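In the working numbering, the protein residues as written are 76 to 355.
Pasting the structure below:
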């Protein structure tokens, strides 16, 4: 067995991966908040949230971490088809999970949505590592992949719980930090089970060098975030709209919130003075 080096490019790559994860989650979380408030454009906001959380926060962050893998004396290549498949799987999983979780906190729906997201995250790591090809043989430890999936499900449950139950700024920060830690955890748990044997007499691996694929995806991903960021900045604050509408409704029906009644005495048609009461 050859030694698999996970930080061959330096530890700065870990910091970059975490930073990308934080940015993706931050933008995705802002889109999810608007999706919870909006009715007409909720599906659009959830697509943007899935792209930010799944596409950038999960997939791109993990792809950057993969750049640090090297095997002394062996060439590494990656199957681009499997890498793209992992991207599609995780984005669809996040979208389906957010849709399942709903707008407000309901424990069964939250657990269901988080489970879908977690399974998608575990499948993404498996496909990413399965895409690796080496001059020799590469094997994965399946029970570690399963552990990574379980950790992904737990992290998704905690993130969704924080997001739906607590709405103050510190809770949002905690959600983003927990997400970034969870992404790193599932990646390193999965990659810990990677076993490689180098055979220098064997055929060179097929596929593409990872950097040639990840760098363009990194540029595209960062530029693509400009669209949801702009949408979040120009989106109306529906909480203020709701408060204004409520105030207008109260003004229209009276300060007490009940319709006004005309308490003036009836008047006659000639003198305008009150009609006399009938004799008892």
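Just so you know, even glycine gets a beta-carbon here, dropped at the ideal spot from N, CA and C.
Remember, predicted model here, so these are calculated numbers, not experimental data.
A Cβ-Cβ contact shorter than 7 Å links residue 268 with residue 216. Contact between residue 168 and residue 146 does not hold, since their C-beta atoms are separated by about 30 Å, which reaches or exceeds 8 Å. Counting C-beta pairs closer than 8 Å gives three or more between the stretch 166–181 and the stretch 192–200, which meets the contact rule.
For the set 86, 81, 92, 77, the Cα lying nearest the Cα of residue 256 is the one of 92. For the pair residue 148 and residue 209, the CB atoms are not nearer than the 7 Å cut-off. Scanning the stretch 180–233 for uninterrupted alpha helix (DSSP H) segments of 4 residues or longer gives 182–205, listed from N- to C-terminal end.
Here the C-alpha atom of residue 123 lies approximately 6 Å from the C-alpha atom of residue 303. For residue 153, the pairing in a beta bridge is given by DSSP as 207, 283. By the Cβ criterion, the stretch 149–163 is not in contact with the stretch 96–107, since fewer than three pairs of Cβ atoms, one from each stretch, lie closer than 8 Å. Residue 151 has its alpha-carbon roughly 11 Å from the corresponding atom of residue 79. Among the bridge pairs identified by DSSP, residue 114 is matched with none. With distances taken between CA atoms, residue 232 lies nearest to 185 out of 185, 301, 200, 132. Burial check for residue 274: the Cβ neighbour count within 10 Å stays below 16, so the residue is exposed.
The continuous alpha helix (DSSP H) containing residue 141 extends over residues 136–141. Taking 7 Å as the cut-off, the Cβ atoms of residue 139 and residue 103 do not count as close. Remark: C-beta atoms of residue 223 and residue 188 do not approach each other more closely than 7 Å. Distances from the CA of residue 76 to each of 290, 213, 295, 88 were compared; the closest alpha carbon is that of 213. With fewer than 16 other CB atoms across the displayed protein chains lying within 10 angstroms of its CB, residue 87 is exposed. Restricting attention to 254, 225, 220, the CA atom closest to the CA of residue 234 is found in 254. Where residue 266 is concerned, the enclosing alpha helix (DSSP H) starts and stops at 244–266. For residue 228 against residue 132, the beta-carbon gap comes to about 16 Å, at or over 8 Å, which does not count as contact. Distance from the CA of residue 301 to the CA of residue 100, rounded to the nearest whole angstrom, comes to 14 Å.
If you ignore the 5 residues before and after residue 289, its C-beta comes within less than 7 Å of the C-beta of 138, 139, 142, all in its own chain and listed in chain order. Per DSSP, the unbroken alpha helix (DSSP H) holding residue 308 starts and ends at 301–309. In the three-state DSSP reduction, residue 271 falls in the strand class (E or B).
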